[in-house]
């Protein structure tokens with residue numbers, strides 16, 4: 035690339051509001067091997083629109099099944115909401131480059147400049163709007179660390195919709211500030227498992243002292259949606275519709291790079307359920323599939339929860355309660371119990387079917403990083419780039435630094451783009467452990483993996 | 035104003051990096067009545083450069099005394115740091131306008147898009163750079179709620195300077211997350227009062243169980259700076275040099291408004307020590323003084339700590355330890371003990387000498403608002419504008435809403451601009467009290483005020 039592309043580049047490659055995407059990009063339309071269909075757990079057959087629409091909003095169910103329409107217009111009210119916190123900046127990490135002494139050019143797409151503190155708001159806004167438009171009274175959901183719940187509470191406050199969040203009990207108690215942000219936005223937050231649902235009461239009877247789990251909270255949220263007229267359940271990751279909404283991240287990234295004449299070589303994102311990474315790489319993966327350009331697309335996983343790198347590509351349940359549709363994905367098994375690491379958003383047993391298919395077809399790579407090296411990267415990044423990153427996002431930072439240091443060895447001036455999904459303001463307990471030298475790594479052991487994978491359902 | 039100015043206006047009136055100010059504006063150069071000089075507490079005479087330079091950095095001492103140079107160039111390394119988080123957006127509060135049903139046009143300058151979460155970073159960056167440039171090893175400071183300490187820690191990490199923060203003990207214990215942000219940026223944080231200074235040991239001997247105070251933390255920080263070779267003390271508000279650095283807020287605001295052809299009628303900011311308000315209104319006050327334009331400039335104070343509206347314009351100590359220079363300002367008395375409200379940044383007994391003089395000369399107004407109505411305004415604002423505001427900033431929101439509702443009554447389409455100094459992510463305990471209906475107001479009683487003012491020094 036011509037060197038002068040980088041001369042006089044602003045620190046933030048901002049887009050004007052008028053340059054914001056007006057449609058989401060549906061990568062599935064361009065995929066040669068489509069992701070396998072979701073299966074109804076009761077019938078074992080592909081879930082129909084009617085079945086999906088009994089759980090999700092109608093428009094969400096339609097988007098879930100749509101694998102042919104490449105561009106789906108973003109309704110004006112959602113674009114209005116996006117204007118509140120978007121376009122998000124694509125930042126030229128010049129101070130990180132200087133710290134590393136690398137010839138590589140590093141850029142990051144920062145999705146943390148909103149109160150929810152992460153990219154989750156992109157899909158929350160869409161799902162809340164579609165629920166409102168359908169005339170629903172409210173939505174239910176689960177949240178672990180709280181980013182998704184906060185994002186949904188914000189979106190529901192904006193569109194005037196009731197919001198009921200089942201928050202994993204251990205987080206409810208340990209993250210009271212997240213809970214209070216949701217309260218401030220008017221959401222009802224219930225510690226899960228709770229006495230408000232049948233599944234909650236059953237689990238409490240069986241395990242009276244349990245701190246809860248994401249799987250249980252999902253089951254409670256789905257049950258609560260079904261029990262109330264005018265309510266539906268919404269989910270913040272994994273699903274095809276979520277990938278679709280998150281494509282705005284990649285579309286903005288590509289527009290900003292194109293505007294300045296920059297072509298990336300490597301695009302990196304952290305991967306839990308896949309919502310951020312799937313959105314970031316979508317337009318680039320599309321070009322790659324259509325043979326218009328080539329990029330290295332890299333998923334970064336925690337060594338403690340390595341679904342792509344060590345999981346199995348198979349049909350599995352999305353929740354431990356086994357009431358949601360089954361998905362074909364890289365999975366560690368729906369019974370997998372991840373270690374108590376601090377990147378709550380990356381502790382999911384499976385990976386989005388879209389990303390799983392891309393990985394399976396060799397269109398995307400994956401790597402793992404360890405918790406302590408992730409926090410060291412986060413600290414170094416914060417000190418020069420200012421932003422205090424979320425533990426999840428810091429997985430991408432670590433991988434980007436490693437690639438930049440490889441360039442330092444080889445002298446290559448590669449262009450590295452990574453997704454900085456959010457801020458770590460509500461993760462200071464984790465930073466405290468790291469600052470005090472008390473943090474540990476929890477790489478997944480072979481025996482734990484084997485045990486978990488042995489419980490996969492025998493389908494397909 | 036022509037209506038079409040507001041048609042098709044973007045939500046964020048962003049400036050390009052190239053449009054960022056290259057010099058700070060020194061309002062004192064245009065003031066007809068200059069603020070009274072700082073007095074040396076030992077001699078009772080105006081503090082000289084040498085005396086100030088024994089406490090502050092040389093450049094800071096120079097700026098403190100400069101009341102003739104209207105424009106002071108911002109050194110390139112500080113401008114580089116500003117690029118990390120500036121220009122800050124001037125946001126058209128269209129969703130708040132809609133909620134209120136007001137014909138008024140409301141804009142807010144948002145200074146919270148950085149990890150310190152407030153405007154404090156503008157002066158921290160400058161002071162850290164000047165200390166580094168002078169060849170100093172490090173700086174000391176005090177912090178109450180933690181915004182200033184966090185900002186200084188960030189700036190010191192960026193410029194490679196040691197940072198020692200004396201944090202009021204009660205905050206150190208109640209705000210562990212703020213403390214950990216500072217640790218992550220490499221700062222040394224000491225709970226004050228501490229055993230590390232003479233003044234700290236003395237206070238601990240006298241009041242063994244004390245939770246500390248800002249006044250005591252200032253005294254410890256000044257003593258610590260004096261006790262170490264190559265260290266100076268830095269302060270985040272009140273001082274003339276701080277007002278100067280913060281003028282970047284007002285300069286950017288004015289540039290953005292000018293760019294879109296918008297002329298404000300009312301400019302509103304919360305006022306504690308005055309750093310944000312002084313910076314926001316500086317260029318507008320300059321025009322007003324020079325007779326080029328007229329604006330209503332409004333300081334908003336908490337009813338619990340009303341230095342402008344109920345204090346006395348007199349020389350007073352800036353710290354309870356009485357070791358810092360005396361300033362002529364509106365003050366409640368350096369022995370004033372503010373109620374335990376949640377807007378820690380507005381609990382200072384005095385007001386910047388620059389703002390005090392403007393108020394005394396009738397160039398600026400002031401009003402007070404109560405804590406519970408401030409949090410109600412904050413909640414309403416958060417739900418439509420997305421941003422969860424700091425309690426301090428929310429004082430300005432409340433006053434702006436009141437002005438907008440007056441316009442609704444009169445039908446006037448006034449342009450209201452207010453400063454949104456920061457985010458409330460570290461103030462969720464306060465929001466929790468509000469959400470639970472447990473928050474109280476603490477308006478200052480006449481008897482407490484009388485008692486506090488009776489202890490003012492008899493000078494000038």
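Protein chains in written order, with my numbering: chain A, 35 to 494; chain B, 35 to 494.
Positions of the beta carbon are idealized from the N, C-alpha and C atoms, including for glycine.
N-terminal and C-terminal residue of the alpha helix (DSSP H) that residue i is part of
| i | result |
| --- | --- |
| residue 111 of chain B | 110-119 |
| residue 399 of chain A | No alpha helix (DSSP H) holds residue 399 of chain A; the beta strand (DSSP E) holding it covers 399-403. |
| residue 366 of chain B | Careful: residue 366 of chain B lies outside any alpha helix (DSSP H) and carries neither H nor E. |
| residue 357 of chain A | It is not in any alpha helix (DSSP H) - residue 357 of chain A carries neither H nor E in the DSSP assignment. |
| residue 233 of chain B | 232-240 |
| residue 350 of chain A | Where residue 350 of chain A is concerned, there is no enclosing alpha helix (DSSP H), although the beta strand (DSSP E) it sits in stretches over 346-351. |
Rounded separation between residue i and residue j - CA only
| i | j | result |
| --- | --- | --- |
| residue 141 of chain B | residue 80 of chain B | 40 angstroms |
| residue 473 of chain B | residue 467 of chain B | 5 angstroms |
| residue 273 of chain A | residue 249 of chain A | 15 angstroms |
| residue 228 of chain A | residue 235 of chain A | 6 angstroms |
| residue 400 of chain A | residue 205 of chain A | 29 angstroms |
| residue 391 of chain A | residue 289 of chain A | 26 angstroms |
| residue 267 of chain A | residue 385 of chain B | 52 angstroms |
| residue 137 of chain A | residue 104 of chain A | 37 angstroms |
| residue 381 of chain B | residue 336 of chain B | 8 angstroms |
| residue 42 of chain A | residue 133 of chain A | 19 angstroms |
| residue 370 of chain A | residue 49 of chain A | 42 angstroms |
| residue 118 of chain B | residue 410 of chain A | 21 angstroms |
| residue 364 of chain A | residue 346 of chain A | 5 angstroms |
| residue 223 of chain A | residue 201 of chain A | 7 angstroms |
| residue 246 of chain B | residue 256 of chain B | 16 angstroms |
| residue 115 of chain A | residue 78 of chain B | 57 angstroms |
| residue 328 of chain B | residue 298 of chain B | 9 angstroms |
| residue 342 of chain A | residue 253 of chain B | 56 angstroms |
Proximity of residue i and residue j at Cβ, strictly below 8 angstroms
| i | j | result |
| --- | --- | --- |
| residue 408 of chain B | residue 442 of chain B | no |
| residue 198 of chain A | residue 218 of chain A | no |
| residue 280 of chain A | residue 157 of chain A | yes |
| residue 388 of chain B | residue 120 of chain B | no |
| residue 454 of chain A | residue 145 of chain A | yes |
| residue 377 of chain A | residue 476 of chain A | no |
| residue 366 of chain A | residue 479 of chain A | no |
| residue 258 of chain A | residue 231 of chain A | yes |
| residue 314 of chain B | residue 143 of chain B | yes |
| residue 164 of chain A | residue 93 of chain A | yes |
Neighbouring residues, chain B, relative to residue i (Cβ below 8 angstroms)
| i | result |
| --- | --- |
| residue 406 of chain A | What residue 406 of chain A touches in chain B: nothing, since even the nearest Cβ is about 14 angstroms away. |
| residue 147 of chain A | 147 |
| residue 469 of chain A | 214, 217, 218 |
Counted within 10 angstroms of its Cβ, other Cβ atoms place residue i as buried (16 or more) or exposed
| i | result |
| --- | --- |
| residue 277 of chain B | buried |
| residue 481 of chain B | exposed |
| residue 240 of chain B | exposed |
| residue 460 of chain A | buried |
| residue 67 of chain A | exposed |
| residue 324 of chain A | exposed |
| residue 427 of chain A | buried |
Residue i at chain E interface by Cβ criterion, 8 angstroms
| i | result |
| --- | --- |
| residue 141 of chain A | Note that chain E does not occur in the displayed structure, where the protein chains are A and B. |
Chain A residues whose Cβ lies nearer than 7 angstroms to that of residue i
| i | result |
| --- | --- |
| residue 117 of chain B | 45 |
| residue 422 of chain B | 149, 215, 218 |
| residue 413 of chain B | 218 |
| residue 465 of chain B | 214, 218 |
Proximal residues of chain A, C-beta to C-beta of residue i below 9 angstroms
| i | result |
| --- | --- |
| residue 459 of chain B | 149, 151, 211, 215, 457, 459, 460 |
| residue 223 of chain B | Neighbours of residue 223 of chain B on chain A: none; closest Cβ ~11 angstroms, over 9 angstroms. |
Partner residues on chain B for residue i, Cβ-Cβ distance less than 9 angstroms
| i | result |
| --- | --- |
| residue 48 of chain A | 48, 50, 51 |
Continuous beta strand (DSSP E) stretch holding residue i: start and end
| i | result |
| --- | --- |
| residue 198 of chain A | 196-202 |
| residue 139 of chain A | 139-144 |
| residue 332 of chain A | 330-336 |
| residue 226 of chain B | 222-226 |
| residue 420 of chain A | Neither: residue 420 of chain A is in no beta strand (DSSP E) and is coded neither H nor E. |
| residue 173 of chain A | 172-177 |
Neighbour list for residue i in chain B, Cβ cutoff strictly below 7 angstroms
| i | result |
| --- | --- |
| residue 188 of chain A | 420 |
Contact set between residue i and chain A, taken where Cβ atoms lie within less than 8 angstroms
| i | result |
| --- | --- |
| residue 192 of chain B | 129, 417, 418, 420 |
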